[in-house]
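A.B. asks: One structure, as structure tokens, below. Some questions next.
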Amino acid sequence: MIDTRFNEQKRVLIELLKTKGIKDTSVLNAIMTVPRERFIIPAFMSRAYEDSALPIDDNQTISQPYTVAYMTECLQVKKNDKILEIGTGSGYQAAILSIMGAKIFTIERIQSLYTKSKDLFKQLNLPINSRLSDGTLGWREMGPFDCIIITAGAPDVPNTLLSQLKINGRMIAPIGDRINQDMVLIIRKSESEFEKKVLDKFQFVPLIGKEGWNV
Ligand code: SAM
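Here it is in structure tokens:
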């Protein structure tokens, strides 16, 4: 059954995202469709459609809707694109990409978040493939990918992930220190050439792993 309680709050959020510069209607439609209230902890239910990051289990966060919209728009997602996400967290970003018709592979390193998001994908009938492991090493058997999205702050772009990107594939990742990062968009131009654009500033929890930060 479709829950209509949040429709007005959703509409207000969509208008806000438009004023902040989000234009892609397929991104805005996905945000209108995915029930963000299901991805947060119940104590924050009334804030589900605020444009803010919220705490989830294990001291992690569900990203701000604007951040999710911005990263998704940058990737120029096409139907049937094969997308690897590093940092499943609540599962919300993966759900947005899945609703847009992409084939999603998402990796989380924390057991409780992996289990909870996997259950939720099933409840919402979202055909998302998820895995518990160090995402900095990618998912080689399922690659190469049209897009890779890293939703935790990395000290540098993991080389292993670059190697799993298709030619003309796009990667979006926040790169910087443990608190502040620049959003970086990378396009693989050939086997050995990558075009890099540095975009706006964001703040993410750290990417912890072999090609990320130490714990
Ligand atoms: N995409 C998420 C969402 O929609 O809720 C938000 C991600 S949260 C800001 C960052 C997540 O990255 C955390 O859940 C964290 O445990 C995870 N993470 C950090 N390092 C990781 C790694 N090496 N591999 C996989 N997940 C990692």
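Using the numbering used here, you'd call the opening residue of the sequence shown number 2 and step up by one each time.
A virtual CB, placed ideally from N, CA and C, is assigned to each residue, including glycine.
State yes or no: is the C-beta of residue 113 within less than 7 Å of the C-beta of residue 58?
C.D. replies: The answer is yes: Cβ separation under 7 Å.
A.B. asks: Given a threshold of 16 other Cβ atoms within 10 Å of its Cβ, counted over all protein chains shown, does residue 116 qualify as buried or as exposed?
C.D. replies: So residue 116 counts as exposed.
A.B. asks: Around the Cβ of residue 69, are there at least 16 other Cβ atoms within 10 angstroms (buried) or fewer (exposed)?
C.D. replies: The residue is buried, with at least 16 neighbouring Cβ atoms inside 10 Å.
A.B. asks: Confirm the yes/no value for this check: CB of residue 109, any heavy atom of the ligand SAM, distance under 6 Å.
C.D. replies: Answer for residue 109: yes, Cβ within range of the ligand SAM.
A.B. asks: Are at least three pairs of beta-carbons, each pair with one atom in the segment 29-42 and one in the segment 13-21, less than 8 Å apart?
C.D. replies: Counting Cβ pairs under 8 Å, three or more are found: they touch.
A.B. asks: Should residue 210 be listed as close to the ligand SAM, given that the test is whether its C-beta is under 6 Å from any heavy atom?
C.D. replies: Yes, the Cβ of residue 210 comes within 6 Å of a heavy atom of the ligand SAM.
A.B. asks: How do the segment 46-60 and the segment 100-107 stand: do at least 3 beta-carbon pairs fall below 8 Å, yes or no?
C.D. replies: With a cut-off of 8 Å, the segment 100-107 and the segment 46-60 do not count as touching, because too few Cβ pairs lie within range.
A.B. asks: Does the beta-carbon distance from residue 137 to residue 156 come in below 7 Å?
C.D. replies: Cβ distance not < 7 Å, so residue 137 and residue 156 don't count as in contact.
A.B. asks: Where do the ends of the alpha helix (DSSP H) carrying residue 9 lie?
C.D. replies: Its alpha helix (DSSP H) spans residues 8-20.
A.B. asks: Does the Cβ of residue 44 have 16 or more other Cβ atoms within 10 Å, making it buried, or fewer, making it exposed?
C.D. replies: Result: exposed.
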